[in-house]
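Same order as they appear, the protein sequences are chains Z and Y.
The first sequence begins at 85 in our numbering and counts up by one.
The second sequence begins at 4 in our numbering and counts up by one.
A virtual CB, placed ideally from N, CA and C, is assigned to each residue, including glycine.
Notes for the one structure printed next.
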Amino acid sequence: MDLIASLGLGFSVALDPINILYCFLGVLLGTLVGVLPGIGPTATIAMLLPITFTLQAETALIMLAGIYYGAQYGGSTTAILINLPGESSAAVTAIDGYQMARQGRAGPALATAAIGSFFAGSVATLLLAFFAPPLARAALNFGAPEYFSLIVLGLLVSIALAHGSILKALAMIVLGLLLGMVGQDIYTGTPRFTFGVRELFGGLNFVAVAVGVFGVAEILRNLENETEREVGVKAVSNLWLTREDMRRVVMPILRGTGLGAVLGVLPGGGHILSAFASYSAEKRLSKTPGEFGKGMIEGVAGPESANNAAAQTSFIPLMTLGIPAHPVMALMVGAFILQGITPGPNVINEQPALFWGVIASMWVGNLLLVVLNLPLVGLWVKMLSIPYRVLFPAIVLFACIGTYSINQNVFDIYAIAFFGIVGYLLIRFGCEPAPLLLGFVLGPLLEEHLRRAMIISRGDPMIFIQRPISATLLVLAVGAVVIAVLPSIRRKRQEVFVEED
Amino acid sequence: MAVNASKNDAAAGAIFVAFGAYFALEALNYDFGTPLRMGPGFMPTVLGGILVALGMAVAITGLGKPDAEAPPRWPLRGMALILGTIIFFAATVRGLGFIPVVLISGFATALSSERNTILSALVITVGLCLLCMLIFVIGLGLIIPWFGPWLRF
């Protein structure tokens, strides 16, 4: 069996002691930033990119992936214990999880989240192993028009998932695309928007933009209204589920895993969508829908499984097409490129050890997470009481030093300040930063493929509709926007996102 | 001033219009090209135009819908200290060297929280400086002098 041989190769890489160590470091850091306020996985991975530069490619990616799904996990811990989702996809978990904690059932809620996440992560990892190779093979036939349409799809889906105004999300994407165009034009070498500054010829530094918009802007936002966080639950006891609980969570976990695995593949942040979809599915299927929001264990099990499954399968578009599904994946693209690897359909053939190693490490990482989190939950609760005023000077310094260490380029640090203030203003005025970053990463790709496609078609834009794959992708993209604008869905989105405030 | 419109939407719209206009106008200096062979100015001009339109649309949708909540106060002290620190860091990291820059930056940032006292800010700063030295210079081999050329006499 091909798959078994490949997975065997993957596990031989993932179980290498050094890789286990970095996987552990990754999930540990991930859990930490998921739990801590004011810093999310995006900013963390951005700051750690320069550190991974010295590592082996496999090791670096294993660690970064660990941070990502570790943060998903840590985010749900805070969602349950203090009703503050550390990560956007945990917002749904907070609804019933926090209620359970208030009723003294924090232990079972955390255990359910852990079991659901572990199960979903394992299944989704298998699915990733199963579906990635054929998809990569299909993607080898993709030409410029298909890539263009795929990127358009990714960008538009991310709008559908942004909070609040769709117009603002669209504008943020376009702004991101434009910022991505700073630097030398790929075809003619003309410097664009550089103010004659040599350092800008290579484009804006991605890490600087990410750290500015997700790190500094977030700090300023938190300084608006400084309050110490209340930790309602001081001690968590009794992590075991009763038999009755067990019976109740089995089906939600299975359904959540399925939903998450499918929706996670969608570019644009499927993990948020899947948590939401799973929650409403459980509510609809339940015999007592009125009890949701008052501490139903099903409302924790389903969404938690869904967002973890989606976190794993969101690696599929990255590993097979080279298209990042959301900002964290965009940073993974940056990590690949730092290692001298172009992410895309060729990775699986040219770097099988890397490809399968990262997949196998996800399973190892999920296991580590369970071990790390359930017995040590008390430690994480303590972490919550670290005051913010100690944290953010560290974030600012790490951001500056880390960004500087990539290219020893002082200009990148000025860029952090610029994007920090622009990002802060935009967030303050009700715009979401994620679409901007996605646009920024995909902008150069979008332009390159559009221009190449137009040369192929001799200037005829019909090429995008005449090629069947491209046309399908575009139809899906339009569909995503239409669905997002539809009144009924709009209302639902509001319902879900209102809970987050 | 009672304006019957969302100030947030108007402000966000204005930022979008400003960026869009800058990119579109600046892109007019570059070769626009033809649809067959698009020049370097093609995408920025088109996207800049779209962004201006979107910015206006954002502002217009805010008309007649004033913001429900009063805006949070501006964290002026934090903004000035944090942004100032980052710029200070960039301007002096080569000249002053690692230790002085990290100490000064850390101290200034810590003070941007109204909850930090001078003493707690000092403690945080020294701790952070040691941590950064360990991680970046010793751990990662970042090539940067402890004390820069400006401090050598």
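For residue j and residue i, believed in contact at Cβ under 8 Å, the rounded distance
i      : j      : result
N392/Z : Q156/Z : 6 Å
Y152/Z : A419/Z : Not really, about 11 Å apart at Cβ, beyond 8 Å.
L251/Z : A60/Y  : 5 Å
G287/Z : G273/Z : Not really, about 13 Å apart at Cβ, beyond 8 Å.
L62/Z  : A195/Z : Coverage of chain Z is limited to positions 85 through 585, which leaves residue 62/Z absent and any answer about it impossible.
N493/Z : E283/Z : 6 Å
M265/Z : F277/Z : 7 Å
A149/Z : V295/Z : Not a contact, Cβ separation roughly 20 Å.
G486/Z : D180/Z : That pair is no contact at about 38 Å.
V448/Z : A98/Z  : 5 Å
W149/Y : F101/Y : 5 Å
P38/Y  : G543/Z : 4 Å
Cβ shell of residue i (< 6 Å), same chain only, five flanking positions each side left out
i      : result
V20/Y  : V55 and G58
I553/Z : E230
G260/Z : L520, G523 and F524
E584/Z : With a pLDDT of 39 at E584/Z, under the threshold of 50, the predicted position of this residue should be treated as unreliable, though the coordinate-derived value follows. If we look at E584/Z and ignore the five residues flanking it on each side, its Cβ neighbours are A175.
T88/Y  : S108, A111 and T112
A73/Y  : none
G94/Z  : W440, G441, I443 and A444
G8/Y   : What sits at residue 8/Y in the sequence shown is Ala, not Gly. Answer for A8/Y: G65 and L66, listed in chain order.
V349/Z : T397 and I400
G158/Z : T115, G118, V119 and G170
Close-in-space but distant-in-sequence residues of the same chain around residue i (CB under 7 Å, 5 per side omitted)
i      : result
G98/Y  : G151, P152 and W153
L106/Y : T128 and C132
L109/Z : M147
M4/Y   : Only weak support exists for where M4/Y lies, its pLDDT of 45 falling under 50; the coordinates are left without a value.
L254/Z : I243
I85/Y  : T112 and S115
I511/Z : A301, R305 and P517
A228/Z : H533, R536, A537 and I540
R332/Z : I381 and E382
T404/Z : A216, L219, A220, A223 and P429
L91/Z  : A213, W440 and A444
Where the alpha helix (DSSP H) through residue i begins and ends
i      : result
N391/Z : E382 to T397
F308/Z : Note on residue identity: the sequence assigns Glu, not Phe, to residue 308/Z. Unbroken alpha helix (DSSP H) run through E308/Z: A301 to E308.
K252/Z : I250 to G264
Q156/Z : A141 to I166
R118/Y : Unbroken run through R118/Y: none, as it is neither H nor E.
S489/Z : Y472 to N491
D12/Y  : K10 to A30
V293/Z : F290 to A294
F45/Y  : F45 to T64
N593/Z : This structure cannot speak to residue 593/Z, because chain Z is shown only from 85 to 585.
C515/Z : First-last for C515/Z: undefined, no H or E at that position.
R80/Y  : L79 to L99
W464/Z : V461 to M467
Y182/Z : A175 to R186
Cutoff 8 Å; reference residue i; Cβ partners in own chain excluding five residues on either side
i      : result
Q435/Z : A141 and I425
G81/Y  : S115 and S116
K68/Y  : A8, S9 and D12
P192/Z : M184, N322, L323, W324, L325, T326, D329 and I381
G36/Y  : G42, P43, G44 and F45
L263/Z : L288, V293, L520, G523, F524 and G527
D34/Y  : G42, P43 and G44
Contact test: residue i Cβ vs the ligand ADP heavy atom, cutoff 8 Å
i      : result
Y106/Z : The model depicted lacks the ligand ADP and carries no ligand whatsoever.
According to a CB-to-CB cut-off of less than 8 Å, which residues of the segment 49-65 of chain Y neighbour chain Z?
-> L50, G51, I53, L54, L57, G58, A60, V61 and T64
Residues in the segment 242-267 of chain Z having any Cβ partner in chain Y nearer than 8 Å = Taking 8 Å as the Cβ-Cβ cut-off against chain Y, the residues of the segment 242-267 of chain Z that qualify are S249, L251, K252, L254, A255, V258, L259, L261, L262 and M265.
Scan the segment 71-101 of chain Y for residues whose Cβ lies nearer than 9 Å to a Cβ of chain Z and list them as they occur along the chain.
-> P74, P75, R76, W77, P78, R80, G81, M82, I85, L86, G87, T88, I89, I90, F92, A93, A94, V96, R97 and F101
With a cut-off of 8 Å, do at least 3 Cβ pairs link the segment 444-464 of chain Z to the segment 204-217 of chain Z?
-> yes
Going along the segment 510-533 of chain Z in order, which residues come within less than 9 Å of chain A, judged by CB to CB distance?
-> In the structure shown, chain A does not exist; the protein chains are Z and Y.
Inter-stretch contact at 8 Å, needing at least 3 Cβ pairs: the segment 381-390 of chain Z / the segment 333-351 of chain Z = yes
contact_flag[the segment 113-121 of chain Z, the segment 457-472 of chain Z] where n(CB pairs < 8 Å) is 3 or more | yes
Three or more C-beta pairs below 8 Å linking the segment 422-430 of chain Z and the segment 228-242 of chain Z | no
Taking contact to mean at least 3 C-beta pairs separated by less than 8 Å, is the segment 288-302 of chain Z in contact with the segment 496-503 of chain Z?
-> Remark: three or more beta-carbon pairs, one from each stretch, lie closer than 8 Å, so the segment 288-302 of chain Z and the segment 496-503 of chain Z are flagged as touching.
Chain Y contacts from the segment 450-482 of chain Z (Cβ-Cβ distance under 8 Å) = P471, Y472, R473, V474, F476, P477, A478, V480, L481 and F482
Using a Cβ-Cβ cut-off of less than 7 Å, list which residues of the segment 98-127 of chain Y approach chain Z; keep chain order.
-> V105, S108, G109, T112, A113, S115, S116, E117, R118, N119 and I127
Could you name the residues of the segment 213-241 of chain Z whose beta carbon sits closer than 7 Å to any beta carbon of chain Y, in the order they occur along the chain?
-> none
Taking any Cβ of chain Y, which residues in the segment 295-312 of chain Z have a Cβ under 7 Å from it, in chain order?
-> V300, I303, L304, L307, E308, N309 and E310
Give the residues from the segment 497-508 of chain Z that approach chain Y closer than 7 Å (Cβ to any Cβ), ordered along the chain.
-> I497, Y498, I500, A501, G504 and I505
Name the residues in the segment 144-156 of chain Z whose C-beta lies less than 9 Å from a C-beta of chain Y; which are they?
-> none
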